[in-house]
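Below is one structure, written out as C-alpha cells; the observations come after it.
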RNA sequence: GUCCCCAUCGUCCAGAGGCCUAGGAUCUAGCCCUUUCAAGGCUAAGACACGGGUUCGAAUCCCGUUGGGGACGCCA
C-alpha cells in the first residue's frame, strides 16, 4: 500500500487545523496570513486551557561543546512558548553520531542554559518520565519505527550503491530537474531482496514518498505552506549498518516526548514534509510547526555561522565587540585564541561580564516585538507577552552595538551592590584582589564602580580601573599622556605646589578637593586644564577616567601624595640622566 | 540547476486599506555641558526595492520584475 496523498493538510492534528481550514474555505478570496495567525494562536491558547493538553516544546542541540547565539534564540522562543502556556520545555540531546566525550561537549551547553536562566523540565541531569533524553540511547525505538514503516509500505529496502545513486543524481542535474530516485534497486518482496543480495548488495531503508498530491500544513509563523510530494526524495532513514538518520529519529522522538509544538529555525521548513510523512506513516498525531527566521550575520543577510568568525571580524561593529572582550580576557590572563572565545557563542558574554538578562532581552527582539516601542522585558514580562504570531518572517541580522546598548541599560538599572558584586570576580582573576577580599577591598570596589557609573558597561570593564587596586608604585603610565601633561614645561612645578596643598586638605573628599582646586587655579592664575590633567596622570597613570575628584577621594590622601611623588621622582630621574 | 521563502531608515522592530507629513530603538553627525572619556543632555540626517493592477484611497491586497536567503546528504 502507498501512503495517502495528503491534500488539505494533516487531518489528525489539532482542532486548530480543522477550524483554520474551514475558515480558509469560507474566505478563499481573502486568506490573509494575519487572519490565520490570529485564529491559530487563539486555538493554541484554547488547547492549553480548555482540553487540558499541556504544551510541550523542545530544543535539541547536538553536543558540540558550544551554545551558539542563533541556537539560543531558538531555544528562548521554545522556552517562552512553553512557559507562556504553562507547559514543559524539554532538552533533548541529538547525538545520533556517537560522541567521544559527550560529557565534555554537553556541559558547556547546559552551563549556558543555566547562566541564562532557561530551565528545562525534562532532559539531561533533571531527567523525567520519558528518559533517556539522549538520542543515541534510543536506537531500539528508532529501529522499531523503521520496521513499522517498512511493514506499512511507507518505506522500502533499497539496494542501490552509492555510486548508482550518484549517477542518477548527476543525470538529474544535467536535465535540470530535481533529483528523484528511479527506485530501480527497490526491493519490496523477500524474493527481490534475495536477488539483490545474491549480487552482493546491501540495503538501506528509504522512505517511499508519494508521487502526487501536496503536503500542506499550517506553520504558526509562516501561515499555510504547501509542498509537492512529487518533488520530495526517497530519503534514507536507516543505513545498512542499522543506524538511523536524523529525520527519522527526530520525528519518532518528538512523538515519544509528546512534543506538541515543534519550534525551530526555517532551515528545517523544507524538511518538514518528510517528517510529516514519517509521523503519519507511524500513525502519530502531528505536532504544530513554527519555523523561525534565522539569525543573519552582522551587516549581512546570510545565516550566522560559527565557522565564519574570521569573516565577521572584518565587520567593524563585530570586531569592536570582539576586541572589547579580548581586552577583558587579556587583563585576566586568559587566552583569547580559544574556540569558545567567540562572540557567536554564549560563553563569550559570560566571560566578559554581560548580564544574561540583557542578552536574552536583545535576542527576544531579534525577530519578535510586542509593539512599536516596548523594548525592556523582564523574564516574567517576556513570558506573559510572548506569542508566536508576532514572530517575524524575515531574517534578522545580529547587531553588536544594539546588544551593548541593552547591556548598558541592564547594568545601569542594577543596584550598586549588584554591579560591584559582578565586578569582583574579574578583579580576583586579574590578581588585583585576593581570593577572599577583605571588607575594605569590597568597599573600594563599590566606590570605584559607583564613580565609574555608566562607564561600566559590562562587569569586565572594571579592569579599566585597575590603578585603584594597585600599590602606589606599581601601576603603569600612559607615556603619551605623561609627556604631554607632566614632562611639559612648568607642569612638574605646578604639580609639586598642588601636592603641598593636598597635604592639608580637610576633609579629603571630592567636594572639598574640587574647592581646593578652584582656589589653587585662581591663585596660580591658570586655566584648570593646566593642572588637572597632570594630577590625573600622576595619580592614575592615564589620560582619561571618571571624575578626578572622586578618584582622589577614593585613593585617599596618602596614596595621592605617594603617587604624585612617584611621578615627580620619575621625571627627576629622567632629567638627571639627561 | 530545481523547489521553497523573504523584502519599511545602515541595523533591529512598529504598521492588519484612510489614524502615515511612516513611529520607536540602535548607529551616525552637529551643538551644549564638562577636568578627560567609549560619559551625559539636546537636535538633525536617514526607509516603504521597482513596475503594473484592485480601490474613492495602497507601506498595507493581487500579479510580475529585481534583489536577498534557505533547502536540495547513507550530516545534524
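Numbering (this note's numbering), first residue to last: 3 to 580. Beta carbons: idealized from backbone N, C-alpha and C, even for Gly. Keep in mind the model is a prediction, meaning the values are calculated, not measured.
Which two residues bound the contiguous beta strand (DSSP E) that contains residue 59? 58 to 61
Buried or exposed for residue 447, please, with buried defined as at least 16 other CB atoms from any protein chain shown within 10 angstroms of its CB.
buried
Exercise. Going straight from the alpha carbon of residue 322 to that of residue 406, what length do you get?
Worked result: 11 Å
- Message: Going by C-alpha to C-alpha distance, which of 166, 151 and 165 sits closest to residue 159?
- Response: 151
- With distances taken from CA atoms, which of 273, 571 and 288 is nearest residue 488? 571
Worksheet item: Does the region 509 to 523 touch the region 464 to 477, meaning 3 or more C-beta pairs lie closer than 8 Å?
Response: no
* Asked: What are the boundary residues of the beta strand (DSSP E) that residue 91 is part of?
  -> 90 to 93
Notebook entry, point to check: Run through DSSP, which three-state label would residue 52 get?
Noted result: Annotation note: pLDDT 40 at residue 52 (below 50); position unreliable, coordinate value reported separately. Helix, per DSSP.
Can you tell me whether residue 403 is buried or exposed? The criterion is at least 16 other CB atoms within 10 Å of its CB, across all chains shown. exposed
Classify residue 265 as helix, strand or coil using the three-state DSSP reduction. strand
| Member of 132, 358 and 244 whose CA lies at the smallest distance from the CA of residue 118 | 358
Exercise. Can you name the residues that DSSP bridges to residue 305?
Worked result: 298
Quiz item: Quick one: what does DSSP say residue 370 is sitting in, helix, strand or coil?
Solution: strand
Output needed for residue 478: all residues of its chain with C-beta closer than 8 Å, excluding positions within five of it in sequence on either side, in chain order.
543
- Task: Tell whether a beta-carbon distance below 8 Å holds between residue 422 and residue 451.
- Result: yes
To which residues does DSSP link residue 271 through a beta bridge? According to DSSP, which records beta bridges pairwise, residue 271 is partnered with nothing at all.
Check whether residue 65 and residue 97 have beta carbons under 8 Å apart
yes
### Task
Compute the Euclidean distance between the alpha carbons of residue 398 and residue 300, then round it to the nearest angstrom.
9 Å
Return the chain-ordered ranges of every beta strand (DSSP E) run that is complete within the region 388 to 450 and spans a minimum of 3 residues. none
| field | Among 244, 311, 165 and 430, the one whose alpha carbon lies nearest that of residue 330 | value | 430
Item to check | Runs of beta strand (DSSP E) lying entirely within the region 115 to 166, each at least 3 residues, in chain order | outcome: 157 to 160
Using CA atoms only, rank isn't needed, just tell me which of 556, 440, 508 and 494 is closest to residue 568. 494
**Prompt:** For residue 504, which of helix, strand or coil comes out of DSSP?
**Reply:** helix
| query | Could you give the residue range of the beta strand (DSSP E) that holds residue 65? | reply | Unbroken run through residue 65: none, as it is neither H nor E.
- Excluding the five sequence neighbours on either side, which residues of its own chain have a C-beta within less than 6 Å of the C-beta of residue 523, listed in chain order? 530
*asked:* Could you tell me the alpha carbon to alpha carbon distance between residue 128 and residue 122, rounded to whole angstroms?
replied: 8 Å
On a Cα-Cα basis, can you pick out the residue from 180, 175, 179 and 169 that is closest to residue 186? 169
Q. Looking at the structure shown, is residue 230 part of a helix, part of a strand, or coil, going by DSSP?
A. strand
Distance between beta carbons of residue 72 and residue 268, contact taken as under 8 Å
That belief does not hold up - the Cβ atoms of residue 268 and residue 72 are roughly 11 Å apart, past 8 Å.
Taking 8 Å as the threshold, find out whether the region 134 to 154 comes into contact with the region 246 to 260 through three or more Cβ pairs. yes
Checklist entry - Can you tell which of 246, 303 and 370 has the C-alpha that lies nearest to the C-alpha of residue 280? => result 246
May I have the straight-line CA-CA distance separating residue 417 from residue 344, to the nearest angstrom?
29 Å
> beta strand (DSSP E) containing residue 209: first to last residue?
Replying inline: 206 to 209
- prompt: Helix, strand or coil: how does DSSP classify residue 277 here?
  reply: helix
Going by other Cβ atoms of all chains shown within 10 Å of its Cβ, with 16 needed for buried, is residue 243 buried or exposed?
exposed
### Query
Which residues bound the beta strand (DSSP E) around residue 219?
216 to 221
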